[in-house]
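Q: Following this note's numbering, the numbering of the sequence shown begins with 1 at its first residue and continues without gaps. All C-beta atoms in this analysis are idealised placements derived from N, C-alpha and C, irrespective of residue type, glycine included. No experiment lies behind these values; they were computed from the predicted model shown.
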Amino acid sequence: MVGDFDADSDKVDLDVSSDIPDAVSVMPVVVSVIPAAIHRNLSDELYAKRKNGALDLESTTKCLTSAGDHDKISKIIEVLIEEFVKSPQANHRKGGLIGLAAVTIGLSSDSARARQYLEQIVPLVINSFSDEDSRVRYYACEALYNIAKAVRGDLIVFFNQTFDALCKLSADSDVEVQSAACLLDRLVKDIVLESNQFSIEEFIPLFKERMNVLNPNVREFLVGWFTVLDSAPDIDMLGFIPDFFDEYPRLDDQ
Numbered sequence: 001m002v003g004d005f006d007a008d009s010d011k012v013d014l015d016v017s018s019d020i021p022d023a024v025s026v027m028p029v030v031v032s033v034i035p036a037a038i039h040r041n042l043s044d045e046l047y048a049k050r051k052n053g054a055l056d057l058e059s060t061t062k063c064l065t066s067a068g069d070h071d072k073i074s075k076i077i078e079v080l081i082e083e084f085v086k087s088p089q090a091n092h093r094k095g096g097l098i099g100l101a102a103v104t105i106g107l108s109s110d111s112a113r114a115r116q117y118l119e120q121i122v123p124l125v126i127n128s129f130s131d132e133d134s135r136v137r138y139y140a141c142e143a144l145y146n147i148a149k150a151v152r153g154d155l156i157v158f159f160n161q162t163f164d165a166l167c168k169l170s171a172d173s174d175v176e177v178q179s180a181a182c183l184l185d186r187l188v189k190d191i192v193l194e195s196n197q198f199s200i201e202e203f204i205p206l207f208k209e210r211m212n213v214l215n216p217n218v219r220e221f222l223v224g225w226f227t228v229l230d231s232a233p234d235i236d237m238l239g240f241i242p243d244f245f246d247e248y249p250r251l252d253d254q
């Protein structure tokens with residue numbers, strides 16, 4: 001699902017919804033919250049192993065969704081959060097992120113239920129954008145990219161949080177993290193332009209606040225968003241210039 005990410009075999013290319021057998025045949029019986037093999041793979045240092053764990057976890061989630069076993073799905077998410085995302089071990093955190101993306105994709109057949117779980121999942125993934133480990137930050141971008149592709153417009157609820165995190169990542173010290181954030185940023189822009197739920201009025205105060213940042217990468221990021229939003233037929237960004245009169249001239253000082 002993240003084939004657009006240009007990285008080597010230890011980085012990305014998560015496609016937890018393609019070339020896998022029927023979910024029922026893959027996981028006919030779920031005997032524990034997260035089967036030992038999946039748990040082990042998700043915590044492995046190799047990306048390929050973590051991806052395999054995510055593929056199996058997606059299949060498991062599809063089975064549970066079809067069976068209506070939402071209690072077990074909730075427990076899986078809880079384990080991913082407590083034992084992986086919050087782990088002091090970087091590889092566990094990476095596995096937790098790819099695992100949360102896999103669960104979200106596995107829930108795609110039940111959009112109403114998926115929206116409920118997003119309240120737990122998305123803020124945690126966004127928080128990982130500030131992880132001390134650059135590889136975890138990278139995989140956090142990958143995870144939210146996959147989540148966004150799966151839920152599309154439902155991500156709008158978290159737009160301001162996502163925008164703020166991406167704004168900060170545009171000035172990240174790691175070039176690969178910046179590249180991953182750029183790919184996610186493009187997808188978020190597409191989602192915003194196709195959504196009828198985006199609130200420009202709720203966004204402008206945050207945009208105005210970020211205009212005080214002098215980092216050239218952040219400036220470029222803001223100019224990009226200004227241009228994209230102004231291209232939307234129902235948004236007139238120029239009309240908001242008086243709201244941030246003092247800050248606006250800085251945007252064109254490249």
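Since I believe V85 is in contact with S128 (beta carbons under 8 Å), could you give me their beta-carbon distance rounded to a whole number of angstroms?
A: 7 Å
Q: Name the two residues that bound the continuous alpha helix (DSSP H) containing N52.
A: Y47 to A67
Q: Whole alpha helix (DSSP H) runs in the region 180-251 with 4 or more residues, listed along the chain?
A: If we require 4 residues or more, the alpha helix (DSSP H) runs fully inside the region 180-251 come out as 200-210, 216-231 and 248-251.
Q: Quick one: what does DSSP say A101 is sitting in, helix, strand or coil?
A: helix
Q: To the nearest angstrom, how far is the alpha carbon of Q178 from that of R137?
A: 10 Å
Q: Please report how far the alpha carbon of S66 lies from the alpha carbon of D56, in whole angstroms.
A: 15 Å
Q: Which residues in the same chain have their Cβ closer than 6 Å to the Cβ of F198, if we skip the five residues on either side of it in sequence?
A: I156 and V192
Q: Please state whether DSSP places S74 in a helix, a strand or coil.
A: Note: S74 maps to helix in three-state DSSP.
Q: Using the C-alpha atoms, what's the distance from P35 back to V103?
A: CA-to-CA, the gap between V103 and P35 works out to about 14 Å.
Q: What's the gap between the Cα of L222 and the Cα of D131?
A: 23 Å
Q: I need the DSSP call for Q89, collapsed to helix, strand or coil.
A: coil
Q: V33 by DSSP, collapsed to three states: which one?
A: coil
Q: What do you get for E58, buried or exposed, if any count of 16 or more other CB atoms within 10 angstroms of its CB means buried?
A: buried
Q: Between the Cα of S108 and those of K149, F163, F158 and A54, spot the shortest distance and give me the residue it belongs to.
A: Measuring from the Cα of S108, the nearest candidate turns out to be K149.
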